[in-house]
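Participant: Our numbering puts the sequence shown at residues 3 to 230.
C-beta atoms are modelled at their ideal positions from N, C-alpha and C, and glycine is treated no differently.
Below: one structure in structure tokens.
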Amino acid sequence: MTSNRSQTWTLAATGVAALGVSYYYYCYWWKNRQERRVIIEVPKWLKQYEASLANQTFQTDEELMQVAVDISQRNVESGDGGPFGCAIFCRHKKTGLSKLYSVGANRVVPLNNSTLHGETVAIQFAQKKRQSFSLSATEEVEFVLCTSCEPCAMCLGATFWSGVSEMICSATKDDAEAIGFDEGPVFPESYQKLEQIGMKVKKMVLREQGKKVLDDYAKTGIIYNGAA
3 MTSNRSQTWT LAATGVAALG VSYYYYCYWW KNRQERRVII EVPKWLKQYE
53 ASLANQTFQT DEELMQVAVD ISQRNVESGD GGPFGCAIFC RHKKTGLSKL
103 YSVGANRVVP LNNSTLHGET VAIQFAQKKR QSFSLSATEE VEFVLCTSCE
153 PCAMCLGATF WSGVSEMICS ATKDDAEAIG FDEGPVFPES YQKLEQIGMK
203 VKKMVLREQG KKVLDDYAKT GIIYNGAA
């Protein structure tokens with residue numbers, strides 16, 4: 003009996019030791035895996051908001067832009083990032099009706115990542131959803147990017163490379179710079195390049211609403227810039 007008990011305890015101890023070693027190596031593997039990954043975490047409310055509009059159709063520029071402005075406002079109210087929101091729509095060419103395809107909110111400060119602007123977040127989720135590095139048009143559909151503020155230099159480049167057919171902006175570059183943001187080297191020639199590749203650009207759609215979000219954020223929010 004004593005021998006059996008001893009064997010049982012030995013087996014149990016061996017099992018516990020094996021589990022311990024396995025757990026150690028799992029933690030080591032997970033830590034190294036995480037160090038090789040950059041995770042874009044968006045607020046829960048953002049995905050819920052996106053889901054609430056999943057079955058809705060949009061037609062006018064103002065309807066599309068309202069989504070982007072709403073995201074920017076909610077992002078400020080929740081304290082989840084800067085005063086910038088973006089929405090990408092899939093528009094059916096024959097009907098002119100659009101469906102929401104992806105959303106993005108500024109996550110620079112919470113995630114310590116200067117590249118996570120509203121536009122870049124929305125573009126990345128849209129391309130992941132499409133399983134393609136390009137949001138170029140097909141015979142049936144085209145993609146429209148709506149941003150609550152004219153893009154900074156980085157986001158203008160990202161929009162250029164994204165393949166969208168149209169960009170619609172709310173607040174202006176001057177509105178953002180008036181509260182302290184540095185939008186970088188954006189020139190008239192930058193927009194000329196977009197036109198050269200066939201991208202449509204519309205500005206100042208619901209500008210006052212977009213500007214109000216910026217002004218409200220400036221009262222309490224962090225004005226972050228690359229040199230700051």
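Just checking my contact of Pro45 with Asp82 at CB under 8 Å: how many whole Å lie between their CB atoms?
Facilitator: For the purposes of this step, residue 45 is taken as the residue at position 43 of the sequence shown. For the purposes of this step, residue 82 is taken as the residue at position 80 of the sequence shown. In this structure Pro45 is in contact with Asp82, their Cβ atoms being roughly 4 Å apart against a cut-off of 8 Å.
Participant: I'd like to know whether the C-beta atoms of Lys205 and Glu152 end up nearer to each other than 8 Å.
Facilitator: Your numbering for residue 205 matches position 203 in the sequence shown. Your numbering for residue 152 matches position 150 in the sequence shown. In this structure, Glu152 lies closer than 8 Å to Lys205 by Cβ.
Participant: In chain order, what are the residue ranges of uninterrupted beta strand (DSSP E) at least 3 long that sit wholly in the region 153-224?
Facilitator: Runs of the beta strand (DSSP E) lying entirely within the region 153-224, each at least 3 residues long, are 168-173 and 202-204 in chain order.
Participant: May I ask you to list the residues that DSSP assigns as paired with Arg93?
Facilitator: For the purposes of this step, residue 93 is taken as the residue at position 91 of the sequence shown. Ser100 and Glu144.
Participant: Is it buried or exposed, Lys96, if we count other Cβ atoms within 10 angstroms and call 16 or more buried?
Facilitator: The sequence position of residue 96 within the sequence shown is 94, counting from 1. With fewer than 16 other Cβ atoms within 10 Å, it is exposed.
Participant: So is Gln93 buried or exposed if we call it buried at 16+ other beta carbons inside 10 Å?
Facilitator: Within the sequence shown, the letter at position 91 stands for residue 93. The question names Gln, but residue 93 is Arg in the sequence shown. Classification for Arg93: buried.
Participant: Could you give the first and the last residue of the continuous alpha helix (DSSP H) run that contains Phe127?
Facilitator: On the sequence shown, position 125 is the one that residue 127 refers to. Gly120 to Arg132 is the extent of the alpha helix (DSSP H) around Phe127.
Participant: Under 8 Å: do the region 164-183 and the region 214-222 share three or more Cβ pairs, one atom per stretch?
Facilitator: yes
Participant: State yes or no: is the C-beta of Ser172 within less than 8 Å of the C-beta of Ser150?
Facilitator: The count along the sequence shown starts at 1 and reaches residue 172 at position 170. The count along the sequence shown starts at 1 and reaches residue 150 at position 148. Cβ atoms of Ser172 and Ser150: closer than 8 Å.
Participant: Which residues in the same chain as Ser138 place their Cβ atom closer than 7 Å to its Cβ, once the five residues preceding and following it in sequence are excluded?
Facilitator: Taking the sequence shown and counting its residues from 1, one reaches residue 138 at position 136. Only Gly165 meet the Cβ criterion.
Participant: Tell me, please, which residues DSSP counts as bridged to Phe60.
Facilitator: Taking the first residue of the sequence shown as 1, we reach residue 60 at position 58. Partner(s): Ser100.
Participant: Can you tell me which residues form a DSSP beta bridge with Thr149?
Facilitator: What you label residue 149 is simply residue 147 of the sequence shown in a count that begins at 1. In the DSSP output, where bridge partners are listed per residue, Thr149 has Cys88 and Cys171.
Participant: Applying the criterion that 16 or more other CB atoms from any shown protein chain within 10 Å of the CB defines a buried residue, is Arg38 buried or exposed?
Facilitator: Locating residue 38 in the sequence shown gives position 36, counting from the first residue. Arg38 is exposed by the Cβ-count criterion.
Participant: Considering only the beta carbon of each residue, do Phe86 and Gly120 sit closer than 8 Å?
Facilitator: Counted from its first residue, the sequence shown places residue 86 at position 84. Counted from its first residue, the sequence shown places residue 120 at position 118. For Phe86 and Gly120, yes; Cβs fall inside 8 Å.
Participant: Can you name, in chain order, every residue of its own chain whose Cβ lies under 8 Å from the Cβ of Arg209, other than the five neighbours on each side?
Facilitator: Position 207 of the sequence shown, counted from the first residue, corresponds to residue 209. Cβ neighbours of Arg209 beyond the five flanking positions: Ser172, Ala173, Thr174 and Asp177.
Participant: Quick one: using the 10 Å Cβ neighbour count with 16 as the cut-off for buried, is Asn77 buried or exposed?
Facilitator: Reading the sequence shown from its first residue, position 75 is the one you call residue 77. The residue is buried, with at least 16 neighbouring Cβ atoms inside 10 Å.
Participant: For my contact list, Ser74 and Ile90 are in at a C-beta cut-off of 8 Å; report their separation, rounded to the angstrom.
Facilitator: The sequence position of residue 74 within the sequence shown is 72, counting from 1. The sequence position of residue 90 within the sequence shown is 88, counting from 1. With a Cβ gap of about 15 Å, Ser74 and Ile90 do not count as contacting.
Participant: When burial is assigned at 16 or more other CB atoms within 10 Å of the CB, is Val69 buried or exposed?
Facilitator: Here residue 69 corresponds to residue number 67 of the sequence shown, with the count starting at 1. Flag for Val69 reads buried.
Participant: Just the C-alpha distance for Ala56 and Gly159, rounded to the nearest angstrom, thanks.
Facilitator: Taking the sequence shown and counting its residues from 1, one reaches residue 56 at position 54. Taking the sequence shown and counting its residues from 1, one reaches residue 159 at position 157. Here the alpha carbons of Gly159 and Ala56 stand approximately 28 Å from one another.
Participant: Whose C-alpha, out of Pro187, Ala107 and Ser100, is nearest the C-alpha of Cys154?
Facilitator: For this step, residue 154 is matched to residue 152 along the sequence shown. Cys154 has its Cα closest to that of Pro187, out of Pro187, Ala107 and Ser100.
Participant: Consult DSSP for Val40 and reduce its assignment to one of helix, strand or coil.
Facilitator: The residue you call residue 40 lines up with position 38 of the sequence shown. Looking at Val40 - three-state DSSP - the assignment turns out to be coil, as it is neither helix nor strand.
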